[in-house]
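Note that the protein sequences, when read in sequence, are chains A and B.
Per the working numbering: the first sequence = residues 7 to 301.
Per the working numbering: the second sequence = residues 9 to 279.
Heads up, the beta-carbon is just placed ideally off N, CA and C, and yes, glycines get one too.
Worksheet: one structure, shown below.
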Amino acid sequence: MKSSHRAALLFLLPSFIFVTVFSLFPIFESFRLSFYRLILTLPWIGQKPIGWQNYIDLWDDPVAMESLFTTLIFVGVTIPLELLFGLGIALVLNDVFHGRGLLRAVVLIPWAIPTVVSSQMWRFIFNDRYGLINFIFFGGDVSRYLAPLADPHLALIAIMAAEVWKTTPFAALILLAGLQGIPDDLYEAASIDGATAWQKFRHVTLPLIRPALLLALLFRTIDSLRVFDLVFVMTQGGPADTTNVLQFYGYKKTFAEGMIGYGSAIAVAVFLMSLTFSLAYLRFMKTSHHEGMTR
Amino acid sequence: MKRPLALALFSFGIALYCLVPFLWFVLTSLKSSAELTATPPKLIPSFHLGFYQSALEKYGLLHYIGNSVIVAGAATLITIAIGSLAAYAMARLQLGWTKFYLMILLAISMFPQIAIAGPVWSILDRLNWLNTYQGLVATYIALSLPIAIWILTTFFREVPSEIEEAALIDGCSRLQALYKVVLPLAAPGIFTAALLVFIHAWNEFFFALIIMTDPDVQTLPVGIALFPGEYTMPWGEISAASTVATVPLILLTLVFQRGIVRGLCAGAVKG
Numbered sequence: 007m008k009s010s011h012r013a014a015l016l017f018l019l020p021s022f023i024f025v026t027v028f029s030l031f032p033i034f035e036s037f038r039l040s041f042y043r044l045i046l047t048l049p050w051i052g053q054k055p056i057g058w059q060n061y062i063d064l065w066d067d068p069v070a071m072e073s074l075f076t077t078l079i080f081v082g083v084t085i086p087l088e089l090l091f092g093l094g095i096a097l098v099l100n101d102v103f104h105g106r107g108l109l110r111a112v113v114l115i116p117w118a119i120p121t122v123v124s125s126q127m128w129r130f131i132f133n134d135r136y137g138l139i140n141f142i143f144f145g146g147d148v149s150r151y152l153a154p155l156a157d158p159h160l161a162l163i164a165i166m167a168a169e170v171w172k173t174t175p176f177a178a179l180i181l182l183a184g185l186q187g188i189p190d191d192l193y194e195a196a197s198i199d200g201a202t203a204w205q206k207f208r209h210v211t212l213p214l215i216r217p218a219l220l221l222a223l224l225f226r227t228i229d230s231l232r233v234f235d236l237v238f239v240m241t242q243g244g245p246a247d248t249t250n251v252l253q254f255y256g257y258k259k260t261f262a263e264g265m266i267g268y269g270s271a272i273a274v275a276v277f278l279m280s281l282t283f284s285l286a287y288l289r290f291m292k293t294s295h296h297e298g299m300t301r
Numbered sequence: 009m010k011r012p013l014a015l016a017l018f019s020f021g022i023a024l025y026c027l028v029p030f031l032w033f034v035l036t037s038l039k040s041s042a043e044l045t046a047t048p049p050k051l052i053p054s055f056h057l058g059f060y061q062s063a064l065e066k067y068g069l070l071h072y073i074g075n076s077v078i079v080a081g082a083a084t085l086i087t088i089a090i091g092s093l094a095a096y097a098m099a100r101l102q103l104g105w106t107k108f109y110l111m112i113l114l115a116i117s118m119f120p121q122i123a124i125a126g127p128v129w130s131i132l133d134r135l136n137w138l139n140t141y142q143g144l145v146a147t148y149i150a151l152s153l154p155i156a157i158w159i160l161t162t163f164f165r166e167v168p169s170e171i172e173e174a175a176l177i178d179g180c181s182r183l184q185a186l187y188k189v190v191l192p193l194a195a196p197g198i199f200t201a202a203l204l205v206f207i208h209a210w211n212e213f214f215f216a217l218i219i220m221t222d223p224d225v226q227t228l229p230v231g232i233a234l235f236p237g238e239y240t241m242p243w244g245e246i247s248a249a250s251t252v253a254t255v256p257l258i259l260l261t262l263v264f265q266r267g268i269v270r271g272l273c274a275g276a277v278k279g
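Structure representation (structure tokens):
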């Protein structure tokens, strides 16, 4: 047993080195740097410890606060829509017999498309002159064509639409796994009792896929807190900072403006938000017995 | 309405929802310049290949594809090699600290990129690995290992340990038992994990953007995101490059969808 222990450690070592150097050490380093003033464009000030000042500045920074608000709206609007559409798709996939494999493959397509490609694609669909959306709404009447991505009221909505389209399939797959774990005889029993389709959905399906719903909710929330590609490609955070989500703001401060200390404070803030949901997720993994999810 | 009819209608609606936006982009790539700038937009193109030619010749599409193949290919191979070792240990020795390690890995896979981006950049800078393949590959290995180890552990646990115990008794070392007995038996699972790692590396943008600032080494997503064009965007070429970047992935997904779905669910669900 001892030698197999040593072998196990040896087997784990390479993975541990990569994860430590490129994930664990960086996260600690981000925490440490968030307590320093460090600006790449002003190298002569060096690395000056300034306590909580970056966090105080962050709290007083109206752009950061708006960015936080934008991120919360983004998450709060896209996740419920993804779960709703995802559930609809999962219910259909669960019921279809002819061509189920084909339909499931088609559903995977938005998931498989690189985010940068889907970002350019939606940017083109929302284009002010050649865009499909303008054509659908206004037909040939070019004078009424809108420029959604340049409009402070529409840009975030456009980005949220693109996000929902791309990520709904993932939610659908998790929910489908949940649906497939529900035993058929429960539905048969409900039918014998004279339950309507809605009653079956409300009293059999919904309670039994609650774990899957919660799982999809947490997983998608953690992922959508790090939205970046869509914003980078479609709007660069504009117009007037209306789509400036936190991860994009942190990127801008760190890599465009070289404000390493302040950027680290933003990074830590995003990390802590995400950690809250991650802990909820880990707790869920530990306690749930994956009712209806074991395959 | 009859149930089968309703189902067929819903299925059709779902297929439209998933296909139309991308199909529109593919059709755009097959237009001629005149058709592209027509207002209102022309729906059916004349199946011109001019934009593909110009994406290849003027924008160096092949060169970005080459970089992506190198980076995603190397990252996949190394991740699976290192990940298999770790997952084998996890699957066979289910001790307290291996569970703890799995949990740490799961937590790491949820880090927002920005939380580690600055320090990763400085580490690569100190190694002189910015704008090199190995810099991005090393980052991708670290990012993919958690999910790869999770999926591989799930699959390795399904390989009965009796077979390899027999191999051990016959005088195989642990490492030999792994690659002679366990790997062949878990091949479908390894393939699934490799596919997911490859798709992730092929699609990744954030780290590619900050690590590869030199166009010579940039991957396809960076090339597509930073397509040059200030006032008039070269939409024809962008859509052509996007189609080329996406069609291989869609084909892989269609062919291996069963495994992918299973892998995604193993990654998200299994505890």
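Closer than 8 angstroms at the C-beta level to chain A, one finds these residues of the segment 132-149 of chain B: 146, 147 and 149. For the pair residue 26 of chain B and residue 86 of chain A, the CB atoms are not nearer than the 9 angstroms cut-off. For residue 168 of chain A, the enclosing alpha helix (DSSP H) begins and ends at 161-186. Collapsing the DSSP output to three states places residue 39 of chain B in coil. Residue pairing from DSSP places residue 42 of chain A in a beta bridge opposite A:55.
Under the Cβ distance rule, residue 84 of chain B does not count among the residues neighbouring chain A, no pair being separated by less than 9 angstroms. Annotation for residue 80 of chain A: 162, 165, 166, 169, 230, 233 and 251 place their beta carbon closer than 8 angstroms to its own, counting only its chain and skipping 5 residues before and after. According to the DSSP secondary-structure assignment, residue 265 of chain A is paired through a beta bridge with A:45.
Contact check for residue 221 of chain A and residue 283 of chain A: beta-carbon distance about 12 angstroms, past the 8 angstroms limit, so the pair fails to qualify. Note that the C-beta distance between residue 21 of chain A and residue 104 of chain B is not below 9 angstroms.
Within 8 angstroms of the CB of residue 215 of chain A, no CB atom of chain B is found; the nearest one sits about 12 angstroms away. In this chain, the alpha helix (DSSP H) harbouring residue 158 of chain B covers 141-165.
Not a single C-beta of chain B is nearer than 9 angstroms to the C-beta of residue 197 of chain A. Residue 242 of chain A counts as exposed, since fewer than 16 other C-beta atoms from the protein chains shown sit within 10 angstroms of its C-beta. Distances from the alpha-carbon of residue 171 of chain A to those of A:287, A:71, A:49 and A:89 put A:89 closest. As the crow flies, the alpha-carbon of residue 51 of chain B is around 10 angstroms from that of residue 44 of chain B. Taking a Cβ-Cβ cut-off of 8 angstroms, residue 243 of chain A has no neighbours in chain B, whose nearest Cβ is about 14 angstroms from it. Under the three-state reduction of DSSP, residue 119 of chain B is assigned to coil, being neither helix nor strand. Within the model, the alpha-carbon separation for residue 234 of chain B versus residue 245 of chain B is close to 12 angstroms. Beyond the five residues adjoining it in sequence on each side, residue 128 of chain A comes within less than 6 angstroms, by CB distance, of 168 in the same chain, given in chain order. Chain-ordered, the chain A residues with CB closer than 7 angstroms to the CB of residue 91 of chain B read 21.
The DSSP assignment places 216-230, 235-240 and 252-257 as complete runs of the alpha helix (DSSP H) inside the segment 216-269 of chain A, in order along the chain (cut-off: 4 residues). DSSP, read as helix, strand or coil, puts residue 190 of chain A in helix. Residue contact check for residue 161 of chain B against chain A: no CB pair falls below 9 angstroms. For residue 104 of chain B, there are no neighbours in chain A by C-beta distance under 8 angstroms, as the nearest C-beta there is about 12 angstroms away.
When the Cα atoms are used, residue 118 of chain B and residue 228 of chain A turn out to be separated by approximately 7 angstroms.
In this chain, residue 145 of chain A is not harboured by any alpha helix (DSSP H), its DSSP state being neither H nor E. A distance below 9 angstroms separates the beta carbons of residue 177 of chain A and residue 92 of chain A. Per DSSP, the continuous alpha helix (DSSP H) segment holding residue 208 of chain B begins and ends at 195-211. Shown here, residue 180 of chain B sits in coil according to DSSP, grouped into three states, outside any helix or strand. For residue 128 of chain A, the nearest CB of chain B lies under 9 angstroms from its own CB, placing it at the interface with that chain.
Rounded to whole angstroms, the separation of the alpha carbons of residue 185 of chain B and residue 80 of chain B is 28 angstroms.
Proximity to residue 115 of chain A across B:273, B:256 and B:271 peaks at B:256, based on C-alpha coordinates. In the structure shown, residue 157 of chain A adopts coil according to DSSP, grouped into three states. Assignment of residue 104 of chain A by DSSP, reduced to helix, strand and coil, places it in the coil class. The segment 140-157 of chain A and the segment 52-64 of chain B do not touch, with fewer than 3 CB-CB distances between them shorter than 8 angstroms.
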